[in-house]
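A.B. asks: Protein chains in written order, with our numbering: chain A, 237 to 372; chain B, 237 to 372; chain C, 237 to 372; chain D, 237 to 372. Every residue, glycine too, gets a C-beta built ideally from N, C-alpha and C. Given the structure is predicted, the values throughout are model-derived calculations rather than measurements. First the structure, then my questions, so here it is.
4 protein chains.
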Amino acid sequence: MIEVTAKVRVRYGETDQMGYVYYGNYPQYFEVGRVELFRAIGMSYKEIENFGVMLPVADLSIKYVNPARYDDELSIITFVRKLPEGVRIFFEYEIRNQEGKLLTTGNTTLYFMDKKTGRILRCPESILNLMKPFFE
Amino acid sequence: MIEVTAKVRVRYGETDQMGYVYYGNYPQYFEVGRVELFRAIGMSYKEIENFGVMLPVADLSIKYVNPARYDDELSIITFVRKLPEGVRIFFEYEIRNQEGKLLTTGNTTLYFMDKKTGRILRCPESILNLMKPFFE
Amino acid sequence: MIEVTAKVRVRYGETDQMGYVYYGNYPQYFEVGRVELFRAIGMSYKEIENFGVMLPVADLSIKYVNPARYDDELSIITFVRKLPEGVRIFFEYEIRNQEGKLLTTGNTTLYFMDKKTGRILRCPESILNLMKPFFE
Amino acid sequence: MIEVTAKVRVRYGETDQMGYVYYGNYPQYFEVGRVELFRAIGMSYKEIENFGVMLPVADLSIKYVNPARYDDELSIITFVRKLPEGVRIFFEYEIRNQEGKLLTTGNTTLYFMDKKTGRILRCPESILNLMKPFFE
Chain A
237 MIEVTAKVRV RYGETDQMGY VYYGNYPQYF EVGRVELFRA IGMSYKEIEN
287 FGVMLPVADL SIKYVNPARY DDELSIITFV RKLPEGVRIF FEYEIRNQEG
337 KLLTTGNTTL YFMDKKTGRI LRCPESILNL MKPFFE
Chain B
237 MIEVTAKVRV RYGETDQMGY VYYGNYPQYF EVGRVELFRA IGMSYKEIEN
287 FGVMLPVADL SIKYVNPARY DDELSIITFV RKLPEGVRIF FEYEIRNQEG
337 KLLTTGNTTL YFMDKKTGRI LRCPESILNL MKPFFE
Chain C
237 MIEVTAKVRV RYGETDQMGY VYYGNYPQYF EVGRVELFRA IGMSYKEIEN
287 FGVMLPVADL SIKYVNPARY DDELSIITFV RKLPEGVRIF FEYEIRNQEG
337 KLLTTGNTTL YFMDKKTGRI LRCPESILNL MKPFFE
Chain D
237 MIEVTAKVRV RYGETDQMGY VYYGNYPQYF EVGRVELFRA IGMSYKEIEN
287 FGVMLPVADL SIKYVNPARY DDELSIITFV RKLPEGVRIF FEYEIRNQEG
337 KLLTTGNTTL YFMDKKTGRI LRCPESILNL MKPFFE
């Protein structure tokens, strides 16, 4: 299993007039988590795109357990629980505040795509090889 | 069943460097759909909040079928397929582009909350009464 | 002079916990105004980009006169007061609410750029020709 | 003079289809800078609001010198060059990328407001006292 924690501080503009983080801002937090997971295993998402591979999102699911508030320091914990098989990669997320309280859980399925042709691809060997040590 | 269509034009800032609408912007489109559904049945979401009732989101699920692009004129079709029972209300969404192509489907569960006390509420009678004619 | 009015309804996610529209969301409203001005004179910004010309923003200035609120129906009035000379085009904006109250004024300078080479360009003749009738 | 540097990593959703950070996302970066400046002098913006004081923005000005790109690690350098006089406080900003290249400059005027009454206030003594040592 791969598990990586990223930190973000809630910005004022991310709240809404309810006084909490707007529900539509969490997908961006999840993306920060994914990006830091790739960086942690040794290949930034930017490098993946420069390689000619994109990772569009196929589906997203979120449960809002407790609200995040302005200036909270959030821990975004991102999990890859099994090696990508075929064209897809599945991420799970937990967001906790500075007191460790669980705020949100979620998951996304992404797929590998050739940037030039738009064709769907199997997970590149270079990425698989960086992930394998975490599953041994 | 209640079914209401809202229109939004994709803004430049809603795209990302993939050239499509960023996956995290769809929850905002869904919210536009919900808001127009409430307006269409006769009580704007703003009036509901002025009444002292808030509708936080409990969960969200999205399937990204086809990408939306800059300047697309999107139809956000919002459905309430059954009357709220108890404290929850369930919305389903379809987003289609100007050619009628299906881009996204999704759903959200919201719950009724007292704005002052933060207590969870049953769906207010005034809202139920506006919805009932659609289910007869 | 060219003057075009676009309408946007304030979205919930555009407010912040002060209860007003977040100050950082107005540049997006200005962009909606610019885009509708180009459409009104006969060439959408999308077509301009498809032609191989981009219009990056060089500078932005905003005065926040009165706050916009959730669900307000805003009129974004966009002005081009003189024909572009050389590589730049200057836009001015006023945002008013449904009661005609002035909320925001602002302006932006944009410049014409070749999409492929990144070279700065003079305003293309095709755009100038669409604008000239408004200044006669 | 007070000068504080905050770091942010550019998120994917902050880019647009031009491949750069969308021009409307810089005000949010400036806000991150301001917030870290308050924290650095000893009173977080959250504490200021809990005190019953808000700081709405009166005006904003930005010059876009060079584009920020996805995954750039930005330094947001925020300056208060003189003590607030009366009801206003003036912030200046520079944004630089990981190579020290200047991307953006800007400034904002904010004013002090009583959260309950909406009345404009002089800068509270408690904030002035935290700032004074930087100007001696």
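At a CB-CB cut-off below 9 Å, which residues of chain B make contact with C:Glu309?
C.D. replies: The premise fails here: C:Glu309 is roughly 11 Å from chain B at the closest Cβ pair, so nothing lies under 9 Å.
A.B. asks: Quick check: D:Val316 and D:Met367, are their CB atoms within less than 9 Å of each other?
C.D. replies: Result yes, Cβ atoms of D:Val316 and D:Met367 sit closer than 9 Å.
A.B. asks: Can you pull the chain C neighbours of B:Val289, defined as C-beta to C-beta under 8 Å?
C.D. replies: Within 8 Å Cβ-Cβ: nothing; B:Val289 doesn't reach chain C, min ~14 Å.
A.B. asks: Would D:Gly260 pass as a contact of B:Gly260 if the rule is Cβ separation under 9 Å?
C.D. replies: Going by C-beta atoms, D:Gly260 is not nearer than 9 Å to B:Gly260.
A.B. asks: Going straight from the alpha carbon of C:Gln334 to that of B:Leu357, what length do you get?
C.D. replies: So the two alpha carbons sit approximately 33 Å from each other.
A.B. asks: Return no unless some Cβ of chain D is closer than 9 Å to the Cβ of A:Lys352.
C.D. replies: No, A:Lys352 does not count as interfacial toward chain D.
A.B. asks: With contact counted as at least three CB pairs below 8 Å, one residue from each stretch, are the region 285-303 of chain C and the region 289-305 of chain D in contact?
C.D. replies: Enough Cβ pairs lie closer than 8 Å, so yes.
A.B. asks: Against chain B, with Cβ distances strictly below 9 Å, would A:Lys243 count as a contact?
C.D. replies: Not an interface residue.
A.B. asks: Between the region 253-269 of chain A and the region 257-274 of chain B, do three or more beta carbon pairs fall short of 8 Å?
C.D. replies: The region 253-269 of chain A is in contact with the region 257-274 of chain B.
A.B. asks: Pull up the distance between the alpha-carbon of D:Ser280 and that of A:Tyr306, whole angstroms please.
C.D. replies: Using only the alpha carbons, I get a separation of about 11 Å.
A.B. asks: Of all the beta strand (DSSP E) runs that stay within the bounds of the region 308-371 of chain D, which reach a length of 3 or more residues?
C.D. replies: Taking only runs of at least 3 residues, the beta strand (DSSP E) segments lying wholly in the region 308-371 of chain D are 309-316, 324-332, 338-350.
A.B. asks: Could you check the C-alpha separation between A:Ile284 and A:Thr241 for me, to the nearest Å?
C.D. replies: One C-alpha to the other measures close to 20 Å.
A.B. asks: Where do the N-terminal and C-terminal ends of the alpha helix (DSSP H) with A:Glu212 fall, by residue?
C.D. replies: A question about residue 212 of chain A goes unanswered here, because the residues of chain A that appear run from 237 up to 372.
A.B. asks: Nearest-angstrom Cα distance between C:Ile181 and B:Arg247?
C.D. replies: The structure shown does not extend to residue 181 of chain C, since chain C is modelled only from 237 to 372, so the question has no answer here.
A.B. asks: What residue range does the alpha helix (DSSP H) around A:Glu283 cover?
C.D. replies: Taken as a continuous stretch (DSSP letters only), the alpha helix (DSSP H) holding A:Glu283 covers 281-286.
A.B. asks: Quick one: Cα of C:Leu310 to Cα of B:Lys243, how far?
C.D. replies: In a straight line, the C-alpha of C:Leu310 is about 16 Å away from that of B:Lys243.
A.B. asks: Using beta-carbon positions only, say whether C:Glu239 and C:Thr344 come within less than 9 Å of one another.
C.D. replies: The answer is no: Cβ separation not under 9 Å.
A.B. asks: Less than 8 Å between the CB of D:Glu285 and some heavy atom of the ligand ADP, yes or no?
C.D. replies: Ligands in the displayed structure: none, and consequently the ligand ADP is not present.
A.B. asks: In whole angstroms, what separates the C-alpha of D:Glu272 from that of D:Met254?
C.D. replies: D:Glu272 and D:Met254: Cα-Cα distance of roughly 30 Å.
A.B. asks: Expressed to the nearest angstrom, what Euclidean distance is found between the alpha-carbon atoms of A:Glu328 and A:Gly342?
C.D. replies: Approximately 6 Å between the Cα atoms of the pair.
A.B. asks: Nearest chain B C-beta to C:Lys337 closer than 9 Å, yes or no?
C.D. replies: False, the Cβ-Cβ gap to chain B never drops below 9 Å.
A.B. asks: Under 6 Å Cβ to Cβ from B:Tyr262, same chain only, skipping five residues before and after it: list those, please.
C.D. replies: For B:Tyr262, where only same-chain residues beyond five positions count, the Cβ hits under 6 Å are Ile298, Thr340.
A.B. asks: Can you tell which of B:Met237, B:Cys359, B:Lys352 has its C-alpha closest to the C-alpha of B:Asn286?
C.D. replies: Checking every option, the nearest Cα to that of B:Asn286 belongs to B:Lys352.
A.B. asks: Output yes or no for whether 9 Å exceeds the beta carbon distance between D:Asn302 and D:Leu338.
C.D. replies: Yes, these two residues count as a Cβ contact at 9 Å.
A.B. asks: Using alpha carbons as the reference points, say which of C:Gly278, C:Val323, C:Phe371 lies closest to C:Met290.
C.D. replies: Closest option to C:Met290, Cα to Cα, is C:Val323.
A.B. asks: Under the rule that 16 or more other beta-carbon atoms within 10 Å means buried, what is C:Phe370, buried or exposed?
C.D. replies: Answer is exposed; the Cβ neighbour count stays below 16.
A.B. asks: Taking beta-carbon pairs under 9 Å, can you tell me which members of the region 250-274 of chain C lie near chain A?
C.D. replies: So the close ones are Glu250, Thr251, Asp252, Gln253, Met254, Gly255, Tyr256, Tyr258, Tyr259, Gly260, Asn261.
A.B. asks: Report the residue from A:Asp308, A:Gly288, A:Lys282 whose alpha carbon sits nearest the alpha carbon of A:Pro360.
C.D. replies: Among A:Asp308, A:Gly288, A:Lys282, the Cα nearest to that of A:Pro360 is on A:Gly288.
A.B. asks: Could you tell me whether any Cβ in chain D is nearer than 9 Å to the Cβ of C:Val293?
C.D. replies: At least one chain D Cβ lies under 9 Å of C:Val293.
A.B. asks: For D:Arg355, count neighbouring C-beta atoms within 10 Å of its own C-beta (all shown protein chains included) and say buried if the count is 16 or more, exposed if not.
C.D. replies: It is exposed - the Cβ of D:Arg355 has fewer than 16 other Cβ atoms within 10 Å.
A.B. asks: List the endpoints of the continuous beta strand (DSSP E) containing B:Glu250.
C.D. replies: Segment: none, B:Glu250 is in no beta strand (DSSP E) and carries neither H nor E.
A.B. asks: Out of curiosity, what's the CA-to-CA distance linking D:Ala304 and A:Phe274?
C.D. replies: For D:Ala304 and A:Phe274, the distance between alpha carbons rounds to 21 Å.
A.B. asks: If I measure Cβ to Cβ from B:Asp252 and keep anything under 6 Å in the same chain, skipping five residues before and after, which residues do I get?
C.D. replies: These residues qualify, in order along the chain: Tyr258.
A.B. asks: Could you name the residues of the same chain whose beta carbon sits closer than 8 Å to that of A:Arg332, not counting the 5 residues immediately before and after it, in chain order?
C.D. replies: Counting only Cβ-Cβ distances below 8 Å, and skipping sequence neighbours, we find Leu310, Ser311, Ile313, Leu338, Leu339.
A.B. asks: What are the boundary residues of the beta strand (DSSP E) that C:Val293 is part of?
C.D. replies: 293-300 is the extent of the beta strand (DSSP E) around C:Val293.
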